[in-house]
Structure formats: structure tokens, C-alpha cells
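Working notes, beginning with the structure itself.
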Amino acid sequence: MNNEGQTQAQEYWNEKESLYGGRTEYRAFVRLLGSAPGGGSERAGLLFVIGGKVIFEDFERERGFWDILTSGKNRAPYQKTLLELKIEEIQSIVLVSQSQAKARISGRLPACRPVSGPEKIFSVIIHEVNMEGGTAWYFEILSTQGLKAFLEARKKDPPEETPPA
13 MNNEGQTQAQ EYWNEKESLY GGRTEYRAFV RLLGSAPGGG SERAGLLFVI
63 GGKVIFEDFE RERGFWDILT SGKNRAPYQK TLLELKIEEI QSIVLVSQSQ
113 AKARISGRLP ACRPVSGPEK IFSVIIHEVN MEGGTAWYFE ILSTQGLKAF
163 LEARKKDPPE ETPPA
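Following our numbering, the numbering of the sequence shown begins with 13 at its first residue and continues without gaps.
As C-alpha cells, then:
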């Protein structure tokens with residue numbers, strides 16, 4: 013990343029830290045599959061933890077090759093997706109298969125079961141974030157440290173409150 017890109021990224025995170033009142037503790041590029049109940053609308057974006065909140069924010073995608081060929085006629089207007097919840101509202105995070113997550117989101121499956129054994133090797137792993145009230149979000153975390161590992165470590169050793177930079 014060049015200096016301009018680094019400066020823009022730092023400005024982005026400074027703005028988020030000011031908005032949410034804390035420092036960035038975790039961030040990852042993710043793919044949101046959807047929620048249950050609620051439905052699915054796959055979106056790529058950032059998942060981050062600031063000020064005791066888990067936040068997902070997507071970004072308008074750039075026009076792709078297909079959009080250029082079709083003049084973007086079939087493309088729906090972009091609507092920003094911004095999801096947030098307090099860490100305390102998370103009851104559990106379960107690693108499930110993508111096929112189960114999609115079935116749950118579409119209402120064809122009442123609950124997902126954790127992946128195990130060979131399924132971990134042959135499945136796309138999805139983080140099922142279960143919240144109070146029965147709602148669940150489904151994310152594919154596209155980084156080396158998953159949200160589950162981060163939150164488990166954070167619960168064992170909570171950060172000291174520091175004001176944003």
C-alpha cells in the first residue's frame with residue numbers, strides 16, 4: 013500500500029474510533045451471507061470491534077466486467093449495510109458449514125450444527141454469531157484470526173479503556 017493509501021486507511025480508522033468511542037481491537041475483511049431470521053443478501057465488507065461493539069460495514073462494489081457489458085441495467089441501486097451490536101449481546105459463535113448457513117438463512121433449516129471432522133476440511137467455514145432473542149448473523153471471515161478466537165481471548169483478558177487517538 014502506498015503512502016496515500018496508508019493515510020486514507022488511517023483516516024478511516026481514526027474516524028471510526030471517534031464515532032464509536034474506542035480503539036480498534038479487531039478488524040477483518042468478511043463476506044456477510046445474511047441473518048436468520050431475516051434472509052440473505054451477500055455482501056463483502058469490514059467486520060471490526062471498537063468500543064465494545066461488533067460492527068459490519070459494506071462498501072459499494074466497483075463496476076465489474078459484466079456490468080460494463082450490460083451497461084449495469086440489471087444492477088439494483090446500492091444501499092449501504094451497517095450492522096452493529098454490543099459484545100455482551102453475543103451468546104455464542106459457532107463454526108458451521110456454508111451450506112448449513114445458507115439453508116438456515118433461507119428458512120429451510122431450523123438450526124445449524126457445528127462443523128466437525130472431515131467437514132472442517134471440505135467445507136467453507138462460516139461464523140454463526142448467535143445473539144439474544146434468537147437472531148444469528150453469518151460471516152465468512154477472510155483473515156487468519158477468526159472472530160471467535162478474538163472474542164474468546166478478549167473475554168479472558170479484557171482491554172483497558174483508552175480514549176481514541
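For glycine and all other residues, C-beta sits at the position ideal for the given N, C-alpha and C.
Once DSSP output is grouped into helix, strand and coil, what is the label at residue i?
i, result
"Leu-59", "strand"
"Asn-14", "coil"
"Thr-19", "helix"
"Leu-154", "coil"
"Glu-27", "helix"
"Phe-71", "coil"
"Lys-98", "strand"
"Arg-35", "coil"
"Arg-43", "strand"
"Ser-128", "coil"
"Leu-121", "coil"
"Lys-160", "helix"
"Ser-111", "helix"
Should residue i be labelled buried (16 or more other beta-carbon atoms within 10 Å of its own) or exposed?
i, result
"Phe-162", "buried"
"Glu-140", "buried"
"Phe-151", "buried"
"Asp-7", "Residue 7 lies beyond the stretch modelled for the chain, which goes from 13 to 177, so this question has no answer here."
"Ile-105", "buried"
"Gly-129", "exposed"
"Arg-116", "buried"
"Lys-28", "buried"
"Gly-17", "exposed"
Mind checking whether residue i and residue j have CB atoms under 7 Å apart?
i, j, result
"Leu-45", "Gly-52", "yes"
"Ile-153", "Ala-56", "no"
"Val-127", "Ser-118", "no"
"Ile-137", "Leu-107", "yes"
"Glu-37", "Glu-101", "no"
"Gln-112", "Cys-124", "yes"
"Ser-47", "Trp-149", "yes"
"Glu-74", "Tyr-90", "no"
The stretch 59-66 contacting the stretch 88-97, beta-carbon criterion three pairs below 8 Å: yes
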